[in-house]
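Peer 1: Dumping the structure here so I can ask a few things about it.
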Amino acid sequence: MELFTIIIPRADNHEPQQLKGLLQQELGDLHTHPQGVLIEEGGQSSPVDWIACRGVLPGFQLSKQGEQVWQRAAQALAEYVLTVKEEPLVRSIISKVKQLDESEYDKIQEYCMHLLNGAEDIGGRESRQRRKAKLVRLIHAYLSEYTTLHLDGFIRFRMESYLSELREVVEYAVDEFILERQYQEFISLLKYFVFIQDTKIPLAHLVHKGGHEFELMNEKWEPLEPMHVVEGMIVEMLDGDMEMEDMIVSTLINVSPGRIVIHTRDAESQVIKTIQQIFEARVDVCEYCSSCQSFFVAGKGLTLDLAD
Numbered sequence: 080m081e082l083f084t085i086i087i088p089r090a091d092n093h094e095p096q097q098l099k100g101l102l103q104q105e106l107g108d109l110h111t112h113p114q115g116v117l118i119e120e121g122g123q124s125s126p127v128d129w130i131a132c133r134g135v136l137p138g139f140q141l142s143k144q145g146e147q148v149w150q151r152a153a154q155a156l157a158e159y160v161l162t163v164k165e166e167p168l169v170r171s172i173i174s175k176v177k178q179l180d181e182s183e184y185d186k187i188q189e190y191c192m193h194l195l196n197g198a199e200d201i202g203g204r205e206s207r208q209r210r211k212a213k214l215v216r217l218i219h220a221y222l223s224e225y226t227t228l229h230l231d232g233f234i235r236f237r238m239e240s241y242l243s244e245l246r247e248v249v250e251y252a253v254d255e256f257i258l259e260r261q262y263q264e265f266i267s268l269l270k271y272f273v274f275i276q277d278t279k280i281p282l283a284h285l286v287h288k289g290g291h292e293f294e295l296m297n298e299k300w301e302p303l304e305p306m307h308v309v310e311g312m313i314v315e316m317l318d319g320d321m322e323m324e325d326m327i328v329s330t331l332i333n334v335s336p337g338r339i340v341i342h343t344r345d346a347e348s349q350v351i352k353t354i355q356q357i358f359e360a361r362v363d364v365c366e367y368c369s370s371c372q373s374f375f376v377a378g379k380g381l382t383l384d385l386a387d
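In case it helps, our numbering puts the sequence shown at residues 80 to 387.
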């Protein structure tokens with residue numbers, strides 16, 4: 080008794096064997112039982128491969144065992160889609176994004192697969208487990224009604240909600256990638272302005288008291304006034320893109336210190352990393368010294384509150 084036949088395009092790899100192995104694993108005792116099911120494969124003389132599941136008569140009873148077969152087969156097929164088909168599907172979606180060069184596809188794909196297979200997805204839910212449950216429901220509903228499943232056609236025409244989710248993940252990853260690319264280009268421009276400027280003061284102390292609160296002083300621990308005018312283009316980019324860091328970065332570029340000592344209790348803060356990227360070897364990070372200790376108790380000097 081034919082229960083279902085899965086048709087997949089001829090491939091040069093071992094995809095049919097992978098699917099057959101997953102089906103055998105899921106069907107388990109039903110597959111080995113003499114009155115259970117039999118899994119067969121074929122297609123050597125045609126451009127497609129097929130895997131068929133048949134109930135062994137006279138012992139197999141569709142009314143009693145059919146639901147169990149369809150549910151387990153749906154589990155196997157869902158796992159197969161996630162394991163074998165998902166990454167090529169993601170790659171295909173990425174290849175259609177016009178903002179990307181082909182050389183950037185691998186990075187985007189790696190990030191997408193990280194998002195898809197991470198413990199949590201963008202919405203904080205169990206990503207892979209949730210997608211698999213969705214696929215199981217779709218496949219189970221189909222197998223309980225039809226006996227032939229063309230896998231690629233099924234994915235394309237019956238899994239639109241799943242494909243839409245993959246497209247959303249790719250869109251999110253591309254947006255993040257482009258923002259990061261623009262940010263790095265901007266940092267490179269700022270590094271260039273730092274490079275071409277002459278040193279104006281020997282040393283600047285930047286005390287990061289936490290969050291958006293900073294105190295900026297010269298080598299004598301005297302307050303440095305915030306400066307916003309570097310070059311017209313720089314000011315425009317800082318105002319538009321840097322937000323929290325703009326006042327600190329623009330002031331440091333203006334005064335062009337030969338050395339910057341950042342006093343902080345949070346060396347991993349984004350603003351600290353940004354300054355290190357721009358000024359590179361000029362930056363030293365102090366997480367505790369006798370000179371800065373008092374600033375974390377009772378502040379002095381100029382406070383630059385970047386929260387506004």
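Where a beta carbon is used, it is the ideal one built from N, C-alpha and C, also for glycine. Since we're looking at a predicted model, the values are computed, not measured.
V169 to D231, Cα distance in whole Å?
Peer 2: Their backbone Cα atoms lie some 14 angstroms apart in a straight line.
Peer 1: Measure the alpha-carbon distance for L101 versus L156 and round it to whole angstroms.
Peer 2: Roughly 8 angstroms separates the two Cα atoms.
Peer 1: Among R209, L282, P137 and Q144, whose alpha-carbon lies nearest the alpha-carbon of L106?
Peer 2: It is Q144.
Peer 1: Nearest-angstrom Cα distance between W149 and M80?
Peer 2: Distance between the alpha carbons of W149 and M80 is about 14 angstroms.
Peer 1: Identify every residue that forms a DSSP beta bridge with N297.
Peer 2: DSSP output for N297 lists A283 as bridge partner(s).
Peer 1: Could you name the residues of the same chain whose beta carbon sits closer than 8 angstroms to that of N196, not counting the 5 residues immediately before and after it, in chain order?
Peer 2: Cβ within range, chain order: S206 and R207.
Peer 1: Run through DSSP, which three-state label would F139 get?
Peer 2: In this structure, F139 counts as coil in the three-state DSSP scheme.
Peer 1: Roughly how many angstroms separate the alpha carbons of A153 and H219, rounded to a whole number?
Peer 2: In a straight line, the C-alpha of A153 is about 5 angstroms away from that of H219.
Peer 1: Flag this pair as yes or no: are the beta carbons of I351 and I339 separated by less than 7 angstroms?
Peer 2: Taking 7 angstroms as the Cβ cut-off, I351 and I339 do not qualify as a contacting pair.
Peer 1: To the nearest angstrom, how far is it from the Cα of I327 to the Cα of S174?
Peer 2: One C-alpha to the other measures close to 40 angstroms.
Peer 1: By the DSSP assignment, the beta strand (DSSP E) with E81 in it spans what residues?
Peer 2: Element bounds for E81: E81 to P88.
Peer 1: Determine the direct distance from the alpha carbon of M192 to that of M238, and round the result to whole angstroms.
Peer 2: Cα to Cα, M238 sits roughly 19 angstroms from M192.
Peer 1: Does DSSP put G289 in a helix, a strand or coil?
Peer 2: Note: G289 maps to strand in three-state DSSP.
Peer 1: Please report the straight-line C-alpha distance between F139 and R133, rounded to a whole angstrom.
Peer 2: In a straight line, the C-alpha of F139 is about 9 angstroms away from that of R133.
Peer 1: Pick out whichever of E181, F274, S329 and T343 has its Cα sitting closest to the Cα of A360.
Peer 2: Of E181, F274, S329 and T343, the residue nearest in Cα terms is F274.
Peer 1: Does the contact criterion of 3 or more C-beta pairs under 8 angstroms hold for the segment 243-253 versus the segment 285-299?
Peer 2: The segment 243-253 is not in contact with the segment 285-299.
Peer 1: Excluding the 5 residues flanking E183 on each side, which residues of the same chain have their C-beta closer than 8 angstroms to its C-beta?
Peer 2: Excluding positions up to five away in sequence, the list reads F256.
Peer 1: If we ignore side chains and look at the alpha-carbon of each, how far apart do E347 and C365 end up?
Peer 2: Going by the C-alpha atoms only, they are around 12 angstroms apart.
Peer 1: Would you call P336 buried or exposed, if buried means 16 or more other Cβ atoms sit within 10 Å of its Cβ?
Peer 2: P336 is buried by the Cβ-count criterion.
Peer 1: Of all the options Y271, Y221, Q188 and S223, which has the alpha carbon lying nearest to the alpha carbon of R246?
Peer 2: Nearest of Y271, Y221, Q188 and S223 to R246, Cα basis: Q188.
Peer 1: Beta strand (DSSP E) containing P336: first to last residue?
Peer 2: Taken as a continuous stretch (DSSP letters only), the beta strand (DSSP E) holding P336 covers P336 to T343.
Peer 1: Considering only the alpha carbon of each residue, which of S142, F83, Q356 and L282 lies closest to I130?
Peer 2: Here the closest residue by C-alpha is F83.
Peer 1: Report the three-state DSSP secondary structure of A445 (helix, strand or coil).
Peer 2: Since the first residue of the chain shown is 80 and the last is 387, residue 445 is not available in this structure.
Peer 1: In angstroms, rounded to a whole number, what distance separates the CA positions of F272 and I357?
Peer 2: In a straight line, the C-alpha of F272 is about 9 angstroms away from that of I357.
Peer 1: How big is the Cα-Cα spacing for Q263 and D325?
Peer 2: Between Q263 and D325, the C-alpha separation is close to 15 angstroms.
Peer 1: Does the beta-carbon of G203 have 16 or more other beta-carbons within 10 angstroms, so that it is buried, or is it exposed?
Peer 2: In this prediction, G203 has a pLDDT of 45, which is less than 50 and means its spatial position is unreliable; what the coordinates show is noted afterwards. Looking at its Cβ environment, which holds fewer than 16 other Cβ atoms inside 10 Å, G203 is exposed.
Peer 1: Flag R361 as yes when its Cβ comes closer than 6 angstroms to any non-hydrogen atom of the ligand ADP, and as no otherwise.
Peer 2: Absence of the ligand ADP from the depicted structure is noted, as is the absence of any ligand whatsoever, leaving it without description.
Peer 1: Please say whether L214 and V159 have beta carbons closer to each other than 7 angstroms?
Peer 2: Per the sequence shown, the amino acid found at residue 159 is Tyr instead of Val. No, the pair does not count as a contact, with Cβ atoms beyond the cut-off.
Peer 1: What distance in whole Å lies between the Cβ atoms of L161 and R209, which are believed to be in contact at a cut-off of 8 angstroms?
Peer 2: Not confirmed; about 11 angstroms, so no contact.
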